[in-house]
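**Student:** In this note's numbering, the protein residues as written are 9 to 317. Here a beta-carbon is modelled for each residue, glycine too, at the ideal position from N, C-alpha and C. As the structure is a prediction and not an experimental result, all values here were calculated from the model.
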């Protein structure tokens, strides 16, 4: 139990770090929009993504604290189902917004010549708001079935052992878990496909650009090459975090581990670490996001020096 509490404490610390990181991204993107008096596609994606991650990290902390401190009331009056359904909606939305970020990187950085790619490159600014809105509605629609199914699965797992036919109960639980996994895959499969396709196209564009550089004997300080590499690093770092989060998410959703067990605590810690880790990658890869924390640190440091001199 002490090891489980340690991992749960780590999950709370990671959630706080995620809140700070995504708050930084949200503040920097909003400030950029206010200064330029226009909402670019990139800032729009980052605002949607950071907001979804802020709510997700906050909801994960609330869910964790309530399950620890108010376990009895947490599972009463469908509160468990409500928390899990909102949690799943925020997860799906976050996956979609991150997928659109990879699409944006691909369209802006890649140098492909296909007609559909050129068409998207010309219309990405007008299409992006609709893509974000439709994906939010799709996330909401695919998360609604969990309001019923998650509660029934938990009810079957926590039912008294005096039931007359435990084998029938096990079959029903397995069927419900299988249904939940199908629903989860339905909500995650499309953004994952979008994400993988855009990553493949970006890598293909990089290989074409590298061959052209070799043929033209161009130096390796080419701005386009550096943009390709930065985008690919960002996308593949998120892909690793995406897969880690997805595995932990499925294990938690299917109730593979007992409540407050070490396995469940590790999964929760990984789920809290992945959004926080991705926000750190985004901040590190964008000077605009690094500028705000540096400016706050300088202002705080100057204020402290002025106060004590």
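Do you know how far the Cα of residue 67 is from the Cα of residue 37?
**Tutor:** Indexing the chain shown from 1 puts residue 37 at position 29. Indexing the chain shown from 1 puts residue 67 at position 59. So the two alpha carbons sit approximately 23 Å from each other.
**Student:** Of the choices 277, 234 and 241, whose alpha-carbon is the least far from that of residue 254?
**Tutor:** Looking up residue 254 in the chain shown gives position 246. Comparing Cα positions, the closest option is 277.
**Student:** Can you give the Cα-Cα distance for residue 167 and residue 62, rounded to whole angstroms?
**Tutor:** On the chain shown, position 159 is the one that residue 167 refers to. On the chain shown, position 54 is the one that residue 62 refers to. The pLDDT assigned to residue 167 is 45, lower than 50, so where the model puts this residue is not dependable, and the model offers no usable value.
**Student:** Would DSSP call residue 119 helix, strand or coil?
**Tutor:** Residue 119 sits at position 111 when you count from the first residue of the chain shown. Coil.
**Student:** Once the 5 residues before and after residue 98 are set aside, which same chain residues still bring their CB inside 8 Å of it?
**Tutor:** As a position in the chain shown, residue 98 is number 90, starting the count at 1. Once the five neighbours on either side are set aside, the close Cβ partners of residue 98 are 60, 63, 64 and 67.
**Student:** Skipping 5 residues on each side, what residues in its chain have a beta carbon closer than 8 Å to that of residue 128?
**Tutor:** Here residue 128 refers to the residue found at position 120 of the chain shown. Closer than 8 Å at the Cβ level, and outside the excluded window around residue 128, lie 115 and 135.
**Student:** Counting C-beta neighbours from all protein chains within 10 Å, is the total for residue 138 16 or more, i.e. buried, or is it exposed?
**Tutor:** Counting from one through the chain shown, the residue named residue 138 turns up at place 130. Exposed: under 16 other Cβ atoms inside 10 Å.
**Student:** Figure out for me which residue from 14, 119, 284 and 259 has the closest Cα to the Cα of residue 212.
**Tutor:** Counting from one through the chain shown, the residue named residue 212 turns up at place 204. Among 14, 119, 284 and 259, the Cα nearest to that of residue 212 belongs to 119.
**Student:** Is it buried or exposed for residue 292, if we count other Cβ within 10 angstroms and need 16 for buried?
**Tutor:** Numbered from its first residue, the chain shown carries residue 292 at position 284. So residue 292 counts as exposed.
**Student:** What span of residues does the alpha helix (DSSP H) with residue 283 cover, start to end?
**Tutor:** Here residue 283 corresponds to residue number 275 of the chain shown, with the count starting at 1. Taken as a continuous stretch (DSSP letters only), the alpha helix (DSSP H) holding residue 283 covers 270-293.
**Student:** So residue 26 and residue 284 are in contact, right, with Cβ under 8 Å, and what is the actual spacing, rounded?
**Tutor:** Your numbering for residue 26 matches position 18 in the chain shown. Your numbering for residue 284 matches position 276 in the chain shown. Indeed, because the Cβ distance is near 3 Å, the residues count as touching under 8 Å.
**Student:** DSSP state of residue 137, grouped into three classes?
**Tutor:** By 1-based counting over the chain shown, the position of residue 137 is 129. Residue state, collapsed to three classes: helix.
**Student:** Determine the burial state of residue 197: buried for a count of at least 16 other Cβ atoms within 10 Å of its Cβ, exposed for fewer.
**Tutor:** In the chain shown, the residue the question calls residue 197 occupies position 189. Result: exposed.
**Student:** Expressed to the nearest angstrom, what Euclidean distance is found between the alpha-carbon atoms of residue 90 and residue 122?
**Tutor:** Taking the first residue of the chain shown as 1, we reach residue 90 at position 82. Taking the first residue of the chain shown as 1, we reach residue 122 at position 114. Each residue's alpha carbon lies about 45 Å from the other.
**Student:** For residue 33 versus residue 109, is the C-beta spacing smaller than 8 Å?
**Tutor:** On the chain shown, residue 33 is found 25 positions in, with the first residue counted as 1. On the chain shown, residue 109 is found 101 positions in, with the first residue counted as 1. No. Outside cutoff.
**Student:** Look at the alpha carbon of residue 126 and the alpha carbon of residue 50, and state the distance between them as a whole number of angstroms.
**Tutor:** Here residue 126 refers to the residue found at position 118 when the chain shown is read from its first residue. Here residue 50 refers to the residue found at position 42 when the chain shown is read from its first residue. Roughly 18 Å between the two C-alpha positions.
**Student:** For residue 132, which of 11, 145, 113 and 78 has the nearest alpha-carbon?
**Tutor:** By one-based count along the chain shown, residue 132 stands at place 124. Looking at the Cα atoms, 113 is the closest of the given residues.
**Student:** Looking at the unbroken alpha helix (DSSP H) that takes in residue 46, where does it start and where does it end?
**Tutor:** Counting from one through the chain shown, the residue named residue 46 turns up at place 38. Residue 46 -> no alpha helix (DSSP H), and no H or E assigned at all.
**Student:** Skipping 5 residues on each side, what residues in its chain have a beta carbon closer than 6 Å to that of residue 58?
**Tutor:** Here residue 58 is taken as the residue at index 50 of the chain shown, counted from 1. Only 30, 33 and 34 meet the Cβ criterion.
**Student:** Around the Cβ of residue 199, are there at least 16 other Cβ atoms within 10 angstroms (buried) or fewer (exposed)?
**Tutor:** Reading the chain shown from its first residue, position 191 is the one you call residue 199. Buried is the call here.
**Student:** Exposed or buried, which one is residue 202 when buried takes at least 16 other CB atoms within 10 Å?
**Tutor:** The residue given as residue 202 occupies position 194 in the chain shown. Result: buried.
**Student:** Secondary structure at residue 264, three-state DSSP: helix, strand or coil?
**Tutor:** Numbered from its first residue, the chain shown carries residue 264 at position 256. Reduced to three states, the DSSP call for residue 264 is coil.
**Student:** I'd like to check one pair, residue 106 with residue 246: are the Cβ atoms closer than 8 Å?
**Tutor:** What you label residue 246 is simply residue 238 of the chain shown in a count that begins at 1. What you label residue 106 is simply residue 98 of the chain shown in a count that begins at 1. Yes, the Cβ-Cβ distance between residue 246 and residue 106 is below 8 Å.
**Student:** Which class does residue 78 belong to by DSSP, given the choice of helix, strand or coil?
**Tutor:** If you number the chain shown from 1, residue 78 lands on position 70. Coil at residue 78, not helix or strand.
**Student:** Rounded to the nearest angstrom, what separates residue 15 and residue 206 at their Cα positions?
**Tutor:** Within the chain shown, numbered from 1, the residue matching residue 15 stands at position 7. Within the chain shown, numbered from 1, the residue matching residue 206 stands at position 198. Spanning the two alpha carbons is a distance of roughly 35 Å.
**Student:** Here's the rule: buried if 16 or more other CB atoms are within 10 angstroms of the residue's CB, otherwise exposed. What is residue 78?
**Tutor:** Locating residue 78 in the chain shown gives position 70, counting from the first residue. So residue 78 counts as exposed.
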